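First residue of the sequence shown: 57, per the working numbering; consecutive thereafter. Structure record follows, encoded as structure tokens.
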Amino acid sequence: MYKKYFQKISKFVFWGFILWLVSRLFFFQTVHIPSASMRTTLMEGDYVFVNKFAYGARIPITPLSLPGSNSAWLDWIQLPYMRIPGYTNVKRNDVVVFNLPGDNDCPVDVHQQYIKRCIALPGDSLRIDSGIVYVNRVRSENPENSLLSYAVQLNEKPDTAVLNQLDGFRSYNGFSVNVFSVFLSQKNSDSLKRIRGINSVKKNNSTKEYYNPQIFPNSSKLKWNLDFFGPVFIPKKGSVILLNEKNLLLYKKLIEIYEENKIVKRNDSVFVNEKFSKTYSFKMDYYFMMGDNRYNSIDSRYWGFVPENHIIGKASYVLFSSGILPLNPKMGRSFSSIR
């Protein structure tokens, strides 16, 4: 009796696991939001439903890996990149889940998973000027609730009520006794201007001359920063570039790491896989991703382009949210769609 009962339970657990595994690999998965980089579209503690079927499920590159883990895997079997056809392509402003691009030795599909908004597509030209994003020379409007960095100046002796109001709009850091740097949406920045005790609310911008060595492609020859970036071409499969000095700064990592070639520069000549080359044709599509919390997000402005073989799926809606504290659920966010 107990043996038959145990066998039934074992079969139920086994087939349940197989169903979960197939569903997770080819149809959907959930991801947990650990940081503020997508505020206020996504909040810390959100659990997001990821639709893998939309863009087409990626066939596992590393079959001997534990789903959801970037540390439990074996590279004994490595499959080539393949994807089941989906019913749509990645579009501008889609919120996308992908594996973090990197030059480490572990397989692509066990890299850490990130979630950002797609700003530019393969073949697009992107430029950031004074913090404003332009795609193909057309201004790209920020998502409604995206956060930017503002300098807020208060009266010399602000009362506690004003500071509490300021804190309610996100955390801040003091520049001086009465000037604070705050992450705000455009709507909230306008609201702050009307609060008694606040003298001014101005957007923080870097100067065009300021060079941030952390910003892609990490070269003083280009001197890019968060507010002045590009113009840069987003590689498209089949597109051809000249292998000049600037393009090598921008695309050498893609050509060597993601497309598995060897580049050597001898004097003024460039050799790809020991063959003299003046041009290069890309083998994959690439994307440019940014967080909605524009000044509190590590994204493509820091580590460059996202290759197509890193794409996992489309973030569709918030299943539920535990908030920052696990025992403090935010039920109002449950089953809300992501825009």
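Virtual Cβ for every residue (Gly too), placed ideally from N, Cα, C. None of the values given here were measured: they were computed from a predicted structure.
Please name the residue, chosen from the options, that lies closest to residue i on a Cα-to-Cα basis.
i	options	result
N211	N255, I65, L204	N255
V362	L98, D165, A207	D165
E316	S181, F284, Y137	Y137
F391	W71, W129, V104, F70	V104
L182	N365, R357, K308, S393	R357
L298	A207, V328, F284, D283	V328
G369	P123, D150, S66, L135	D150
D246	F344, V208, P119	V208
T118	N198, D341, C162	C162
E100	S393, E301, I394, S378	S378
I271	D283, N260, N261	D283
V191	F70, I290, R389	I290
L203	R350, E364, S372, F376	R350
I133	Y143, I319, R139, P116	P116
S186	K264, V194, L305	K264
M402	T144, R148, Y61	What is shown of the chain runs 57 to 395, which leaves residue 402 out entirely.
Is the CB-CB distance between residue i and residue j below 7 Å?
i	j	result
N244	Y266	no
V296	S337	yes
L177	H167	no
G112	P90	no
V374	D102	yes
K59	D355	no
F68	K108	no
L306	P269	no
D201	S241	The sequence shown places Asn at residue 201, not Asp. In this structure, S241 lies closer than 7 Å to N201 by Cβ.
Return the first residue and the last residue of the alpha helix (DSSP H) that residue i is part of.
i	result
S245	242-249
S429	Residue 429 is absent from the structure shown; the chain starts at 57 and stops at 395.
Y373	That residue, Y373, is in no alpha helix (DSSP H); its beta strand (DSSP E) goes 367-377.
K309	301-309
Give the DSSP bridge partners of residue i, in chain order.
i	result
D102	S377
M345	C174
V235	Q209
Where do the N-terminal and C-terminal ends of the beta strand (DSSP E) with residue i fall, by residue?
i	result
A207	204-210
P287	284-289
D185	181-185
Q85	84-88
K321	319-322
Y190	188-191
Y351	It is not in any beta strand (DSSP E) - Y351 carries neither H nor E in the DSSP assignment.
F327	325-328
Y111	No beta strand (DSSP E) holds Y111; DSSP gives it neither H nor E.
S337	335-337
S256	254-259
* Asked: Where are the beta strand (DSSP E) runs, 3 residues long or more, that stay fully inside the segment 125-164, in chain order?
  -> 151-155
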